[in-house]
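J.:
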Amino acid sequence: MTFQGWLLIAAFAGILLLLAKPMGQWLFALYEGRRTPLHRVLGPVETGFYRLSGIDPTEEQGWRRYAVHMLIFNAALALFTYAILRLQGVLPLNPLGYDGTSADLAFNTAISFTANTNWQSYGGESTMSNLSQMLGLTIHNFLSAATGIALAFALFRGFARREMKTIGNFWADMTRVTLYLLLPLCAVLAIFYIASGVPQTLAGSVDVTTLEGVKQTLALGPVASQEAIKMLGTNGGGFFNANSAHPFENPTALTNVVQMLSIFAIGTGLTWTFGKAVGNPRQGWAILAAMMALFLAGAAITYWQEAAGNPVLHNLGVAGGNMEGKEVRFGIAQSALFAVVTTAASCGAVNAMHDSFTALGGMIPLFNMQLGEVVIGGVGAGIYGFLLFAILAIFVAGLMVGRTPEYVGKKIEAREVKLAVLAIAMLPLVILGFTAIASVTGAGLAGPLNKGPHGFSEILYAFTSATANNGSAFAGLSANTPFYNGMLGVAMWIGRFFIIVPMLAIAGGLAAKNYTPATAGSFPTTGPLWTALLVGIVLIVGGLTFLPSLALGPIADHLAMTSGQLF
Numbered sequence: 060m061t062f063q064g065w066l067l068i069a070a071f072a073g074i075l076l077l078l079a080k081p082m083g084q085w086l087f088a089l090y091e092g093r094r095t096p097l098h099r100v101l102g103p104v105e106t107g108f109y110r111l112s113g114i115d116p117t118e119e120q121g122w123r124r125y126a127v128h129m130l131i132f133n134a135a136l137a138l139f140t141y142a143i144l145r146l147q148g149v150l151p152l153n154p155l156g157y158d159g160t161s162a163d164l165a166f167n168t169a170i171s172f173t174a175n176t177n178w179q180s181y182g183g184e185s186t187m188s189n190l191s192q193m194l195g196l197t198i199h200n201f202l203s204a205a206t207g208i209a210l211a212f213a214l215f216r217g218f219a220r221r222e223m224k225t226i227g228n229f230w231a232d233m234t235r236v237t238l239y240l241l242l243p244l245c246a247v248l249a250i251f252y253i254a255s256g257v258p259q260t261l262a263g264s265v266d267v268t269t270l271e272g273v274k275q276t277l278a279l280g281p282v283a284s285q286e287a288i289k290m291l292g293t294n295g296g297g298f299f300n301a302n303s304a305h306p307f308e309n310p311t312a313l314t315n316v317v318q319m320l321s322i323f324a325i326g327t328g329l330t331w332t333f334g335k336a337v338g339n340p341r342q343g344w345a346i347l348a349a350m351m352a353l354f355l356a357g358a359a360i361t362y363w364q365e366a367a368g369n370p371v372l373h374n375l376g377v378a379g380g381n382m383e384g385k386e387v388r389f390g391i392a393q394s395a396l397f398a399v400v401t402t403a404a405s406c407g408a409v410n411a412m413h414d415s416f417t418a419l420g421g422m423i424p425l426f427n428m429q430l431g432e433v434v435i436g437g438v439g440a441g442i443y444g445f446l447l448f449a450i451l452a453i454f455v456a457g458l459m460v461g462r463t464p465e466y467v468g469k470k471i472e473a474r475e476v477k478l479a480v481l482a483i484a485m486l487p488l489v490i491l492g493f494t495a496i497a498s499v500t501g502a503g504l505a506g507p508l509n510k511g512p513h514g515f516s517e518i519l520y521a522f523t524s525a526t527a528n529n530g531s532a533f534a535g536l537s538a539n540t541p542f543y544n545g546m547l548g549v550a551m552w553i554g555r556f557f558i559i560v561p562m563l564a565i566a567g568g569l570a571a572k573n574y575t576p577a578t579a580g581s582f583p584t585t586g587p588l589w590t591a592l593l594v595g596i597v598l599i600v601g602g603l604t605f606l607p608s609l610a611l612g613p614i615a616d617h618l619a620m621t622s623g624q625l626f
């Protein structure tokens with residue numbers, strides 16, 4: 060461990076806190092449907108979309124209608140991408156002449172990008188044409204991210220509105236977020252990446268001669284534009300198989316820091332937006348404080364473990380930190396921080412191989428996902444997932460003070476608690492259930508490249524990543540098989556939409572309630588006690604649920620390594 064490493068983590072956290080309010084203010088303008096400086100240029104485009112589609116953006120929707128429109132839209136997008144991937148061989152912009160993908164891979168990939176997971180059972184530069192990358196995949200990077208933010212807006216309205224039956228208009232929310240937030244920011248980021256050396260071309264490859272005089276063919280493509288939304292929208296799907304460890308995706312230490320900030324920028328801003336929406340910015344700061352406490356604890360443990368190095372190598376007399384699977388241009392500190400950022404959010408991009416982390420260093424990214432991707436989390440998904448935990452926390456607080464709990468002026472009753480538990484329970488049920496199936500079937504056991512606890516961790520990590528809509532992998536699992544493509548695809552769909560629908564039902568129920576003013580008996584939800592309770596509930600629900608699986612995987616792996624055993 061070095062002073063520079065700890066300084067990097069502290070500086071990163073400080074910059075995030077500085078970004079929270081300005082990003083939140085911009086998001087709040089979109090939440091309210093107010094004009095922004097970009098409306099002068101993009102306003103006619105927005106109006107044109109509404110006219111072409113016959114949508115009235117002022118028409119409000121109840122939670123059921125909002126949910127149905129969202130589900131139909133995402134199902135149509137998944138079918139569209141499936142068709143493109145299957146027909147890739149006969150479609151244009153395919154300079155390297157790739158054939159269409161198999162049915163099971165197309166199924167997995169279409170669901171993966173629709174669900175904002177971006178799990179990749181393929182190598183991008185050796186499987187996907189430029190058309191598939193741009194039209195089949197990158198379009199989801201924008202629209203799945205916009206969907207998450209729109210859903211967060213819907214839940215905010217549930218808390219903020221009084222005695223109303225509507226929570227907004229899905230199509231209007233989607234359009235505003237895409238036009239006035241994602242597209243402008245991605246244009247700026249893409250230009251920055253191009254200036255930093257990231258390719259942006261329709262050429263399929265270029266032939267070069269190495270310093271040793273060897274001829275080599277390098278894959279190219281429209282990388283910078285995909286890289287921008289990949290990070291900003293917490294998507295994570297790489298143009299290249301090596302993802303953000305590839306120098307064409309992440310060439311310098313500066314681009315690495317910008318990518319990490321991009322992953323968290325919108326998520327931190329949404330916490331401020333929530334506080335402003337409910338009329339008390341301190342509510343948003345309290346949520347952000349809880350998120351940052353969990354994030355910093357995870358970053359500290361991961362950096363500590365990776366800097367300490369592999370105990371097996373230490374027993375052999377080889378000292379130093381764990382640089383296996385890491386890029387020299389990033390080093391241990393940036394690699395450890397990136398791993399925590401990408402798994403705390405539902406991004407899944409990687410600049411190092413998580414399979415090569417130490418046992419406990421790799422456990423923190425795994426645990427981040429098992430908490431439900433609520434430590435900052437994905438764009439929109441992080442804040443609405445965290446608010447589900449807030450409902451459980453205020454319910455527990457209500458039991459302690461002996462009265463019906465209230466949160467930001469709304470009574471939290473049995474219906475809200477049951478729906479929150481239903482949504483949160485989806486994650487452990489699918490992760491543990493599907494991992495168990497894969498661990499006892501021949502097709503499942505054929506996937507991991509390692510045996511023993513580490514092999515189990517590879518299976519557990521895959522289903523955790525898929526269900527939590529993260530998309531990162533331990534890189535030690537052969538997942539491009541009908542078994543894993545099918546099982547992981549189902550896990551991704553459940554992990555995304557079986558949580559969204561109960562959440563929207565909560566939003567609809569809260570919007571119909573009247574405001575309940577705080578009294579002397581109300582539990583305070585803005586101070587250190589509330590922040591500590593939030594952190595405790597997240598850790599207890601996540602930690603106790605997954606402790607048995609962690610004991611069988613990373614913890615057992617750590618004990619084996621410290622005793623000198625290799626698997």
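Quick note, the sequence shown lines up with residues 60 to 626 if you use my numbering.
Heads up, the beta-carbon is just placed ideally off N, CA and C, and yes, glycines get one too.
Keep in mind it's a predicted model, so treat the numbers as computed, not measured.
Evaluate contact between the stretch 158-174 and the stretch 138-148, counting only Cβ atoms and requiring at least three cross-stretch pairs below 8 angstroms.
T.: Enough Cβ pairs lie closer than 8 angstroms, so yes.
J.: So for residue 507, helix, strand or coil by DSSP?
T.: Residue 507: strand per DSSP, three-state reduction.
J.: Please state the DSSP three-state secondary structure of residue 197.
T.: If DSSP states are grouped into helix, strand and coil, residue 197 belongs with the helices.
J.: Just checking my contact of residue 459 with residue 558 at CB under 8 angstroms: how many whole Å lie between their CB atoms?
T.: So it is not a contact: roughly 27 angstroms between Cβ atoms.
J.: Between the C-alpha atoms of residue 153 and residue 163, what's the straight-line distance to the nearest angstrom?
T.: Answer to the nearest angstrom: the Cα atoms are 21 angstroms apart.
J.: Can you look up residue 232 in the DSSP assignment and give me helix, strand or coil?
T.: Looking at residue 232 - three-state DSSP - the assignment turns out to be helix.
J.: Considering only C-alpha positions, which residue in the set 514, 363 and 492 is nearest to residue 637?
T.: The structure shown has nothing for residue 637, since the chain only spans 60 to 626.
J.: Are there three or more Cβ pairs, one per stretch, closer than 8 angstroms when the stretch 273-291 is compared with the stretch 349-363?
T.: No, the stretch 273-291 is not in contact with the stretch 349-363.
J.: Excluding the 5 residues preceding and the 5 following residue 118 in the sequence, name in chain order all residues of the same chain whose CB lies nearer than 8 angstroms to its CB.
T.: Excluding sequence neighbours, residue 118 sits near 228.
J.: Leaving aside the five residues before and after residue 585 along the sequence, list all residues of the same chain whose C-beta is less than 8 angstroms from its C-beta, in chain order.
T.: Closer than 8 angstroms at the Cβ level, and outside the excluded window around residue 585, lie 339, 341, 342, 344 and 345.
J.: Based on Cα-Cα distance, which residue from 173, 150, 513 and 155 lies nearest to residue 130?
T.: When only C-alpha atoms are compared, the closest one is 173.
J.: From residue 603 to residue 596, what distance separates their C-alpha atoms?
T.: Approximately 10 angstroms between the Cα atoms of the pair.
J.: From residue 98 to residue 244, what distance separates their C-alpha atoms?
T.: Those two C-alpha atoms are separated by around 15 angstroms.
J.: What are the start and end residues of the alpha helix (DSSP H) that includes residue 330?
T.: Here the alpha helix (DSSP H) through residue 330 covers 312-336.
J.: Does the Cβ-Cβ distance between residue 355 and residue 70 come in under 8 angstroms?
T.: No, Cβ-Cβ distance for residue 355 and residue 70 is not below 8 angstroms.
J.: Taking the C-alpha atoms as reference points, what is the distance between residue 475 and residue 233?
T.: Answer to the nearest angstrom: the Cα atoms are 26 angstroms apart.
J.: Tell me which same chain residues have a C-beta within less than 8 angstroms of the C-beta of residue 194, skipping the five on either side of it?
T.: Correct list, in chain order: 143.
J.: Please return the same chain residues whose Cβ sits closer than 6 angstroms to the Cβ of residue 80, not counting the five positions on each side in sequence.
T.: So the list reads 331, once near-sequence residues are dropped.
J.: Could you work out which residue in 90, 137 and 123 is closest to residue 116 when comparing CA atoms only?
T.: The shortest Cα separation from residue 116 among 90, 137 and 123 belongs to 90.
J.: Who are the Cβ neighbours of residue 120 in its own chain at under 8 angstroms, not counting the five residues just before and after it?
T.: For residue 120, where only same-chain residues beyond five positions count, the Cβ hits under 8 angstroms are 128, 225, 226, 227, 228 and 229.
J.: In its own chain, which residues sit with a C-beta less than 8 angstroms from the C-beta of residue 518, not counting the 5 before and 5 after it?
T.: Cβ within range, chain order: 494, 497, 498, 503, 506, 507 and 536.
J.: Do the CB positions of residue 82 and residue 328 come within less than 8 angstroms of each other?
T.: In contact: residue 82 and residue 328 (Cβ atoms closer than 8 angstroms).
J.: Locate the beta strand (DSSP E) running through residue 158, then write down its first and last residues.
T.: Element bounds for residue 158: n/a, residue is neither H nor E.
J.: For residue 364, which three-state DSSP category applies?
T.: DSSP places residue 364 in helix when its eight states are reduced to three.
J.: How is residue 268 classed by DSSP in three states: helix, strand or coil?
T.: In this structure, residue 268 counts as strand in the three-state DSSP scheme.
J.: Less than 8 angstroms separating the beta-carbons of residue 439 and residue 207?
T.: It is a contact, given that the beta carbons lie within the stated cut-off.
J.: Give the straight-line distance between the Cα atoms of residue 590 and residue 86, rounded to the nearest whole angstrom.
T.: C-alpha separation (whole angstroms): 24 angstroms.
J.: Spatial neighbours of residue 478 within its chain, please: CB distance less than 6 angstroms, with the 5 preceding and 5 following residues excluded, ordered by chain position.
T.: Correct list, in chain order: 561, 564 and 565.
J.: So residue 525 and residue 122 are in contact, right, with Cβ under 8 angstroms, and what is the actual spacing, rounded?
T.: Their Cβ separation, rounded to whole angstroms, is 27 angstroms, which puts residue 525 and residue 122 out of contact at 8 angstroms.
J.: What whole-angstrom Cβ distance do residue 698 and residue 405 have, given they're in contact under 8 angstroms?
T.: The question about residue 698 has no answer, for the chain in this structure spans 60 to 626.
J.: Should residue 424 be labelled buried (16 or more other beta-carbon atoms within 10 Å of its own) or exposed?
T.: Residue 424 comes out buried.
J.: Tell me which residues share the same chain as residue 221 and place their Cβ nearer than 6 angstroms to its Cβ, disregarding the 5 neighbours each side in the sequence.
T.: Cβ within range, chain order: 573 and 574.
J.: Ends of the alpha helix (DSSP H) at residue 477?
T.: It spans 473-499 - the alpha helix (DSSP H) in which residue 477 sits, taken as one unbroken run.
J.: Residue 275 lies in the beta strand (DSSP E); which residues open and close that run?
T.: Looking at the DSSP string, the run of the beta strand (DSSP E) that includes residue 275 is 274-278.
J.: Tell me, please, which residues DSSP counts as bridged to residue 466.
T.: Residue 466 pairs with 469.
J.: Using a 10 Å radius around the Cβ and a threshold of 16 neighbouring Cβ atoms, would you call residue 429 buried or exposed?
T.: Looking at its Cβ environment, which holds 16 or more other Cβ atoms inside 10 Å, residue 429 is buried.
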